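>
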Amino acid sequence: MKGRYLIILASLCGLIASGVGLITNVAGLFFNPIAEELGLLRGAVSMTVTINNLLFALGGLMSPRFMTEKTLKPGLIIGTAVVAGSTALLSATSSIMIMYILNALRGFASGVLGFVFVTMVINNWFHSNVGLASSIAMAFSGLAGAVFSPIVSAVIQSSGWRTAYLMTAVMMAVLNLPSILLLPAIDPASKGMKPLGEKTENKAAETSTGSVLPVVMPMLVIMCVYAACGAGSTALTQHFTGIAEERGLAASVGATMLSACMLANTGGKIVLGALVDRIGAKKSLLTYACLIMCAVLIMLFIPSGTAMYIAAFLFGLTYSMATVGVVSITKDLFGLGNYSRTYPKINLCGTMFSAAFSSIIGFMYDAFGSYNVPLFIIMAMAAIDFIIILYVYKTIDARKKNA
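End of the sequence shown sits at 445 in this note's numbering; the numbers just go up one at a time, nothing left out.
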């Protein structure tokens, strides 16, 4: 993997870092200062992330229509202008309704340029090392959060949240610039180019290798519940600053917790992929679920700085449960032949619940005056995923014996 392919992969990493890392994964840093300055409830401010994520999911569904070979360059330019421009305008408003509208705009635009578009380009350009390329690109969502969250936090503390929004808008434009300038096409064949490790296999033979396990509605619903619990848990990271302050710790502790969480977000996906190959998805995911429950217990009962950093790092593994975990279980349960018609539905459930749960946590804090109730709910969600993993793989084993 070198030359043109590295350049293309780097440009796609920039899109993920901009549209996910610099929006969702640092959003929690803005909740408290905005709520305090504008006299708003924290739940009302956290609703901005819910709106952003809902429109991000919708933008992903519309991405294949907007991003074609003919519209590639205009789409990248317009999408970047909307994402960066709406972020910059957030610095100039004091109306929560205007913030909702601007977050809807940047959520939709970042969704169009986000996971669906990036994986579509990767699948066309990388026929070998496609898994590596995909994991690297996806990992930049967490890496960007880890790198930029302390920078954004420092700017908020020194110059205010409005200046931080302006700086974030500039960084978004810079991160998207390589894709605008250097991404030649969605499909290399349209430019007379070849993908890395061009496939020679018969595609009919590939589809025949899919599992014969039927897609039954109860199992599909169970997988949607798994995705909802896994993805919904990730919403807690946006409240790390508030959790730290509630424990009597400085706001900078919350920012560092977010960085630790994003590091685990990045590395946890790669480690989980390696574990799945070595010991299987069942044992790997059960281990991750246990570690996540331990992380929540630490946040509840050991409120020291060092312990909170450890808890935040372990909690970052929930991103792997919600991404690599969903992919692995879906393939094992429904087979490659049914993957394309089951995964989008399951993933959409996770995305929608993650969007909603960010605001739910905020409103629960407003109602109870503490993050303890949301933390207990998050731990229950990890336990539900643990039980689902056991049940799903018990079902898979039973089906194999009866086949």
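The beta carbon of each residue, even a glycine, is placed where N, CA and C say it ideally should be.
Keep in mind the model is a prediction, meaning the values are calculated, not measured.
(1) Judging by CA-CA distance, which residue of Ser362, Leu417, Leu225 and Thr205 is the nearest neighbour of Phe343?
(2) In terms of DSSP beta bridges, what is Leu238 paired with?
(3) How about Gly403 and His281: are their beta carbons less than 7 Å apart?
(4) By how many angstroms is the C-alpha of Leu155 removed from the C-alpha of Ile222?
(5) Taking DSSP as the reference, what is the three-state secondary structure of Thr365?
(6) Unbroken alpha helix (DSSP H) runs of length 4 or more, entirely within the segment 263-327: which are they?
(7) Could you check whether the segment 73-91 touches the segment 183-193, counting it as contact only if at least three pairs of C-beta atoms, one from each stretch, sit closer than 8 Å?
(8) Looking at C-alpha atoms only, which residue of Glu287, Val216, Asp374 and Asp229 is the closest neighbour of Phe73?
(9) How big is the Cα-Cα spacing for Met261 and Val434?
(10) Return helix, strand or coil for Lys112, following the three-state DSSP convention.
(11) When the distance is taken between beta carbons, is Phe399 closer than 7 Å to Gly284?
(12) Please report the straight-line C-alpha distance between Leu51 and Ala227, rounded to a whole angstrom.
(13) Could you work out which residue in Ala196, Ser195, Phe157 and Gly187 is closest to Ser177 when comparing CA atoms only?
(14) For Thr372, which of Ile93, Thr360, Lys387 and Leu359 has the nearest alpha-carbon?
(15) Which residue wins for smallest C-alpha separation from Leu132, given the options Leu219, Arg204 and Ala69?
(16) Give me the Cβ distance between Ala353 and Ala337, rounded to the nearest whole Å; I'm assuming they're in contact under 8 Å.
(17) Evaluate the contact criterion for the segment 310-321 versus the segment 287-298: three or more CB pairs, one atom per stretch, below 8 Å.
(18) Just curious, the alpha helix (DSSP H) that Asn20 is in, first and last residue?
(19) Return helix, strand or coil for Lys44, following the three-state DSSP convention.
(20) Buried or exposed: where does Ala59 fall if 16 or more other Cβ atoms within 10 Å of its Cβ makes it buried?
(21) Do you know whose CA, among Ala323, Lys324, Phe355 and Thr348, lies nearest Met335's CA?
(22) Out of Lys443, Leu291 and Tyr47, point me to the one whose CA is closest to Met235's CA.
(23) May I have the straight-line CA-CA distance separating Lys443 from Ile430, to the nearest angstrom?
(24) Given a cut-off of 7 Å on the beta-carbon distance, is the pair Thr348 and Asn218 in contact?
(25) Do the segment 145-153 and the segment 90-97 make contact, defined as three or more Cβ pairs closer than 8 Å?
(26) Which two residues bound the contiguous alpha helix (DSSP H) that contains Thr66?
Walking through what the data contain:
(1) On the sequence shown, residue 343 is found 301 positions in, with the first residue counted as 1. Considering only Ser362, Leu417, Leu225 and Thr205, the residue with the shortest C-alpha distance to Phe343 is Leu417.
(2) As a position in the sequence shown, residue 238 is number 196, starting the count at 1. DSSP, once it has assigned bridges, lists Phe168 as partnering Leu238.
(3) By one-based count along the sequence shown, residue 403 stands at place 361. By one-based count along the sequence shown, residue 281 stands at place 239. Correcting the residue type first, residue 403 is Ile in the shown sequence and not Gly. For Ile403 and His281, yes; Cβs fall inside 7 Å.
(4) Within the sequence shown, the letter at position 180 stands for residue 222. Within the sequence shown, the letter at position 113 stands for residue 155. Near 11 Å, if we compare the C-alpha coordinates of Leu155 and Ile222.
(5) In the sequence shown, the residue the question calls residue 365 occupies position 323. Here Thr365 sits in coil by DSSP.
(6) 282-288 and 293-321
(7) Counting Cβ pairs under 8 Å, fewer than three are found: no touch.
(8) Here residue 73 corresponds to residue number 31 of the sequence shown, with the count starting at 1. The shortest C-alpha separation from Phe73 is found at Glu287.
(9) As a working note, residue 261 is residue 219 in the sequence shown. As a working note, residue 434 is residue 392 in the sequence shown. Whole-angstrom Cα-Cα distance: 8 Å.
(10) As a working mapping, residue 112 is identified with position 70 in the sequence shown. DSSP places Lys112 in coil when its eight states are reduced to three.
(11) Within the sequence shown, numbered from 1, the residue matching residue 284 stands at position 242. Within the sequence shown, numbered from 1, the residue matching residue 399 stands at position 357. No.
(12) The residue you call residue 51 lines up with position 9 of the sequence shown. The residue you call residue 227 lines up with position 185 of the sequence shown. Cα to Cα, the separation comes out at about 13 Å.
(13) Taking the first residue of the sequence shown as 1, we reach residue 177 at position 135. Closest by alpha carbon: Phe157.
(14) For this step, residue 372 is matched to residue 330 along the sequence shown. The residue with the shortest Cα to Cα distance from Thr372 is Lys387.
(15) Within the sequence shown, residue 132 is the residue found at index 90, counting from 1. Residue nearest to Leu132 within the set Leu219, Arg204 and Ala69 is Arg204 (criterion: CA-CA distance).
(16) For the purposes of this step, residue 353 is taken as residue 311 along the sequence shown, with counting starting at 1. For the purposes of this step, residue 337 is taken as residue 295 along the sequence shown, with counting starting at 1. 4 Å between Cβ atoms; contact.
(17) no
(18) Given a span of 43 to 445 for the chain in the structure shown, any question on residue 20 remains unanswerable.
(19) Translated into the one-based positions of the sequence shown, residue 44 becomes position 2. In the three-state reduction of the DSSP assignment, Lys44 falls in the coil class.
(20) On the sequence shown, position 17 is the one that residue 59 refers to. Counting Cβ neighbours within 10 Å, Ala59 comes out buried, since at least 16 surround it.
(21) Within the sequence shown, numbered from 1, the residue matching residue 335 stands at position 293. When only C-alpha atoms are compared, the closest one is Phe355.
(22) The sequence position of residue 235 within the sequence shown is 193, counting from 1. Comparing Cα-Cα distances from Met235 to each of Lys443, Leu291 and Tyr47, the minimum goes to Tyr47.
(23) In the sequence shown, residue 443 corresponds to position 401, counting from 1. In the sequence shown, residue 430 corresponds to position 388, counting from 1. The straight-line gap from Cα to Cα measures roughly 20 Å.
(24) Residue mapping note: residue 348 aligns to position 306 of the sequence shown, counting from 1. Residue mapping note: residue 218 aligns to position 176 of the sequence shown, counting from 1. No.
(25) By the Cβ criterion, the segment 145-153 is in contact with the segment 90-97, since at least three pairs of Cβ atoms, one from each stretch, lie closer than 8 Å.
(26) In the sequence shown, the residue the question calls residue 66 occupies position 24. Looking at the DSSP string, Thr66 is not in any alpha helix (DSSP H), and its letter there is neither H nor E.
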